[in-house]
Amino acid sequence: MRSTLLLFLILLPITLKGQFEFRFNTNIPVSENGIQKTRAWEGGLNAAQFQTIDLNDDGTLDLVIYNRISRNIETYLNVNNTYVWHPEYAYQFPADVVHWLILKDYDCDGQKDLFTSTALGIKVYRNTSTNGVLSWEEAEAFLRFDTGTNIQVSPTDIPGIVDVNGDGALDILTYRFGTASSVDYFENTGSCGDLTFTRAERQWGRFEECDCDSFAFGGSPCPTNGIEGAAFGANGQEAVQHAGGKTILPFDADNDGDIDIISSDEFCETLYFLENVGDANNAVMSSVLSYPINNPAAFSIFPSAFLADVDFDGLEDLIISTNVDENIGNQIDLTDNIKVYPNIGSANTPDFDQASIPFLQNEMVDLGENAYPALVDLDNDGDQDLIVGNKGLSTGNSVQANITFFNNEGNRFLPDYNIFDRDFLGFTAANVSHLKPQFADADGDGDQDLFYQATTNGNDTRIFYREAATPSTFEAPIEIFSDNILDDNPFFYDIDDDGDLDLLLGRRLGNLSLFINQGGFNFGNEISDFGGITTDFQGLNLWPHIADLNGDGEDELITINSSGTLSIYDGPIDENFVASNPSQNVLRLNDDTFSTRLGRQNSITSGDLFNTGRPALIIGNGKGGVFVLENFSTGGSASNNIQVAVSPNPTSDRLSVVANVNGVAEIYSVLGQKKFFDINIVSGQTKSLDLGSLSVGVYILRIISNENQSTTKKILVYR
Numbered sequence: 001m002r003s004t005l006l007l008f009l010i011l012l013p014i015t016l017k018g019q020f021e022f023r024f025n026t027n028i029p030v031s032e033n034g035i036q037k038t039r040a041w042e043g044g045l046n047a048a049q050f051q052t053i054d055l056n057d058d059g060t061l062d063l064v065i066y067n068r069i070s071r072n073i074e075t076y077l078n079v080n081n082t083y084v085w086h087p088e089y090a091y092q093f094p095a096d097v098v099h100w101l102i103l104k105d106y107d108c109d110g111q112k113d114l115f116t117s118t119a120l121g122i123k124v125y126r127n128t129s130t131n132g133v134l135s136w137e138e139a140e141a142f143l144r145f146d147t148g149t150n151i152q153v154s155p156t157d158i159p160g161i162v163d164v165n166g167d168g169a170l171d172i173l174t175y176r177f178g179t180a181s182s183v184d185y186f187e188n189t190g191s192c193g194d195l196t197f198t199r200a201e202r203q204w205g206r207f208e209e210c211d212c213d214s215f216a217f218g219g220s221p222c223p224t225n226g227i228e229g230a231a232f233g234a235n236g237q238e239a240v241q242h243a244g245g246k247t248i249l250p251f252d253a254d255n256d257g258d259i260d261i262i263s264s265d266e267f268c269e270t271l272y273f274l275e276n277v278g279d280a281n282n283a284v285m286s287s288v289l290s291y292p293i294n295n296p297a298a299f300s301i302f303p304s305a306f307l308a309d310v311d312f313d314g315l316e317d318l319i320i321s322t323n324v325d326e327n328i329g330n331q332i333d334l335t336d337n338i339k340v341y342p343n344i345g346s347a348n349t350p351d352f353d354q355a356s357i358p359f360l361q362n363e364m365v366d367l368g369e370n371a372y373p374a375l376v377d378l379d380n381d382g383d384q385d386l387i388v389g390n391k392g393l394s395t396g397n398s399v400q401a402n403i404t405f406f407n408n409e410g411n412r413f414l415p416d417y418n419i420f421d422r423d424f425l426g427f428t429a430a431n432v433s434h435l436k437p438q439f440a441d442a443d444g445d446g447d448q449d450l451f452y453q454a455t456t457n458g459n460d461t462r463i464f465y466r467e468a469a470t471p472s473t474f475e476a477p478i479e480i481f482s483d484n485i486l487d488d489n490p491f492f493y494d495i496d497d498d499g500d501l502d503l504l505l506g507r508r509l510g511n512l513s514l515f516i517n518q519g520g521f522n523f524g525n526e527i528s529d530f531g532g533i534t535t536d537f538q539g540l541n542l543w544p545h546i547a548d549l550n551g552d553g554e555d556e557l558i559t560i561n562s563s564g565t566l567s568i569y570d571g572p573i574d575e576n577f578v579a580s581n582p583s584q585n586v587l588r589l590n591d592d593t594f595s596t597r598l599g600r601q602n603s604i605t606s607g608d609l610f611n612t613g614r615p616a617l618i619i620g621n622g623k624g625g626v627f628v629l630e631n632f633s634t635g636g637s638a639s640n641n642i643q644v645a646v647s648p649n650p651t652s653d654r655l656s657v658v659a660n661v662n663g664v665a666e667i668y669s670v671l672g673q674k675k676f677f678d679i680n681i682v683s684g685q686t687k688s689l690d691l692g693s694l695s696v697g698v699y700i701l702r703i704i705s706n707e708n709q710s711t712t713k714k715i716l717v718y719r
């Protein structure tokens, strides 16, 4: 074992040089009204789909969440009956999961496999994990049934995948694609491990959904006016059958050996429970009830239901979230769209008729939709405060954007945020949406002035300037730019080095525009496709940002788009800038680096939160949450001549550190968790550290000089 670890250490670079590297940091405290948000930096949740799987092969079921609006996956390990965010497992899932995700074991090997949407219906990945390492192989690019036709599922739907007839093989229940509101039953005609199907029934359960709260039973069609595919629902209005998305949650609710379902519709507020009064081979539904029966879930639009034991009592609980792809009409409060109904019954006869409780989301920073962060020292105490704009909170059929002020009550080394004001500067009264703030010194007086983009009347989008009167108060807004639309993203920076701020505009179609400030916010003609960043239909909604990430005195251009991938372009950033060879594998998770998968609708700001001379990246996302990416980039200027010696390395407990600078030392896990900090280092003097409290693994030692230069070394703890 010792020789293996030593070989590993030899092959592992001891110091990291000349590369961009970031790690998630979830250790910054956030509180509101004296209550800690224990999951503050996990990124929020919107339109979440919940599945369970053993991610790390420890014999317990962990949690996987697919976020439909942002289109990304989050993963949580079950650690002593507590869900702990471990994003590294999300990066081990296939990159093309889209619309919906179901984890079921189709080949009876004890490992759950993956079903997801594709343009042709249903794609399947087989779980090939071994020795605790999650892996997948494509089993079917799309499922067919015996006519050779693909099993088509609307991308707005979630099908039911379950053993309907009790033969051990997984079958498929899905609302008919396109025009009907009955359920197709695709029977798996093979044995466990096969994916061979026949369409056994076109009206499984002998029911049709006609409209919200209106179903037809006994094989009867919905009442029509003679037009094929049209029906009159409970409100007497003509409605196209299967209009909008639908979901099916199949389970045996009453322990009678057949499959009952919970169903939902995109345009309805309620979950519908349909009990199977037939049997496993002849399903019959004859009535419908809102669900849970005595305490129905009420969502303004498109509730969806999932089963998972999230309170760790051995019984599956009912989790409800919305399943919208977009909050059209602003009908949903996405700060509060996830509820758990605990199972107070048994495994065989579940009972969810108990008041719902919040789940995960209430412990996070979650501002609804589209968080737009900015860093600035508002109280002039020498550290970075955080303000975050958003798309807005639902007020019926409209939204009101606001700015939330996170006051840094820590210091320039260790931030500690208190949510001080949920409506900073009173923007709620302005009735705007998509409020995107940035602070920059526009007039050279040393104050950080406020720029912001805001939208009114749906798509009337403009950029405003408010000069700082004091660090936390600002003059009346002045409109300075209007040649933009809702999905464009501004960043102010002095491109031509003439002392005033020019405007970079990330465009909706993925390209980058530049407008040169000719004085007094008089912007010249558009320079389209600046730097060669052109239209990209795979990467829409470009967000630009500029900062010196590696301390070399030269700024980099950082972008993110709807692909969720951070791209970092070397400077200098001037009028002749050409974007080429971006660094994208910049996210360190355990021993590997990845390109980021942060989903859609992201924004970027940066600031030296930890006084290391390397700005952290603060990423706002489409879920209304915020990620902190701590900067471990190396390279820097020639003046960074820090030399560090450590011994022994590997070590079982004690580590001696000596450096040629005065400063502080910090030790991090490879996930960015701070284990030791503020360790005083004196040039030329050996510092002995007791690492006995650390688990076996790889850690990062960072030395930060009093001149804000830094370097890192990897340390291996073994026993």
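If you're matching positions, the sequence shown starts at 1 in full-length UniProt numbering and goes up one per residue. Quick reminder that beta carbons are idealized off the backbone N, C-alpha and C, glycines included. These numbers come from a predicted model, not from an experiment.
Say whether the segment 136-154 touches the segment 189-198, bearing in mind that this needs 3 or more beta-carbon pairs closer than 8 Å, one atom from each stretch.
-> yes
Per the contact definition of three or more C-beta pairs closer than 8 Å, is the segment 508-517 in contact with the segment 477-494?
-> yes
What are the start and end residues of each continuous beta strand (DSSP E) run of 3 or more residues lying completely inside the segment 629-668, in chain order?
-> The segment 629-668 contains, as complete beta strand (DSSP E) runs of 3+ residues, the segments 644-647, 654-659 (chain order).
From what residue to what residue does the beta strand (DSSP E) around residue 516 run?
-> No beta strand (DSSP E) contains residue 516, which DSSP labels as neither H nor E.
For residue 141, which residues of its own chain have a beta-carbon under 8 Å away from its beta-carbon, when the five flanking residues on both sides are left out?
-> 118, 120, 123
Would you mind giving the Cβ-Cβ distance between residue 41 and residue 586, rounded to the nearest angstrom? I have them listed as a contact below 8 Å.
-> No, residue 41 and residue 586 are not in contact; Cβ-Cβ is about 18 Å, not under 8 Å.
At which residue ranges does the segment 477-510 contain complete beta strand (DSSP E) runs of 3 or more residues, listed in the order of the chain?
-> Complete beta strand (DSSP E) runs here, min 3: 478-481, 489-493, 502-506.
Grab me the residues of residue 614's own chain with a C-beta within less than 8 Å of its C-beta, minus the 5 sequence neighbours each way, in chain order.
-> 549, 550, 551, 608, 631, 632, 633, 710
By Cβ distance, which residues of its chain are closer than 8 Å to residue 662, with the 5 residues on each side in sequence left out?
-> 681, 682, 683, 705, 706
In chain order, what residues of the same chain have a beta carbon less than 7 Å from the beta carbon of residue 20, not counting five sequence neighbours either side?
-> 549, 550, 568, 583, 586, 633
Residue ranges of each alpha helix (DSSP H) run of no fewer than 4 residues wholly in the segment 197-225, ordered along the chain?
-> none
Bridge partners of residue 697, per DSSP?
-> 717
In terms of residue numbering, what span does the beta strand (DSSP E) encompassing residue 405 cover?
-> 403-408
Candidates 507, 546, 262, 536: closest to residue 527 by CA position = 507
Hey, could you find the ends of the beta strand (DSSP E) residue 525 is sitting in?
-> Neither: residue 525 is in no beta strand (DSSP E) and is coded neither H nor E.
How would you call residue 239, buried or exposed, if buried means at least 16 neighbouring beta carbons within 10 angstroms?
-> With a pLDDT of 44 at residue 239, under the threshold of 50, the modelled position of this residue cannot be trusted; read the value that follows with caution. When all chains shown are included, residue 239 counts as buried.
Of the listed residues 54, 56, 61, 50, nearest to residue 74 (C-alpha basis) = 50
Rounded distance between the beta-carbons of residue 566 and residue 308, thought under 8 Å | 31 Å between Cβ atoms; not a contact.
Do you know offhand how far residue 320's Cα is from residue 654's?
-> 49 Å
Please report the Cβ distance between residue 531 and residue 554, rounded to the nearest whole angstrom; I am assuming they are in contact, meaning their Cβ atoms lie under 8 Å.
-> For a cut-off of 8 Å, the C-beta gap from residue 531 to residue 554 is around 15 Å, too long to register as a contact.
With DSSP as the reference, please indicate the residues paired to residue 440 in a beta bridge.
-> Residue 440 pairs with 449.
Given residue 534, which residues of its chain have a CB within under 6 Å of its CB, disregarding the five upstream and five downstream residues?
-> 511
Kindly identify the DSSP beta-bridge partner or partners of residue 183.
-> 175.
On the premise that residue 116 lies in contact with residue 97, defined as a C-beta separation below 8 Å, what is that separation, rounded to the nearest angstrom?
-> The C-beta separation of residue 97 from residue 116 comes to about 5 Å, placing the pair in contact by the 8 Å criterion.
How do the segment 353-370 and the segment 185-194 stand: do at least 3 beta-carbon pairs fall below 8 Å, yes or no?
-> no
Considering residue 556, what are the terminal residues of the beta strand (DSSP E) in which it resides?
-> Annotation: the continuous beta strand (DSSP E) that includes residue 556 extends over 556-560.
Using a threshold of 9 Å, state whether the C-beta atoms of residue 399 and residue 439 are closer than that.
-> no
Mind checking who residue 721 pairs with in its DSSP beta bridge?
-> This structure gives no information on residue 721, because the portion of the chain shown stretches from 1 to 719.
What's the C-alpha gap between residue 460 and residue 383?
-> 35 Å
Are there 16 or more other CB atoms within 10 angstroms of the CB of residue 283, so buried, or fewer, so exposed?
-> buried
Keeping to the same chain, check which residues put their C-beta closer than 7 Å to that of residue 236; ignore five residues upstream and five downstream.
-> Confidence at residue 236 is low in this model, with a pLDDT of 40, below 50, so its placement is unreliable and no value can be given for it.
Residue 463 - partner residues in DSSP beta bridges | 453, 481
So, residue 271 versus residue 264, is the Cβ gap smaller than 9 Å?
-> yes
Residue 103 lies in the beta strand (DSSP E); which residues open and close that run?
-> 101-104
Are residue 436 and residue 69 touching if we call contact CB-CB under 9 Å?
-> no
Would you say residue 95 and residue 338 are within 9 Å of each other, going by their C-beta atoms?
-> no
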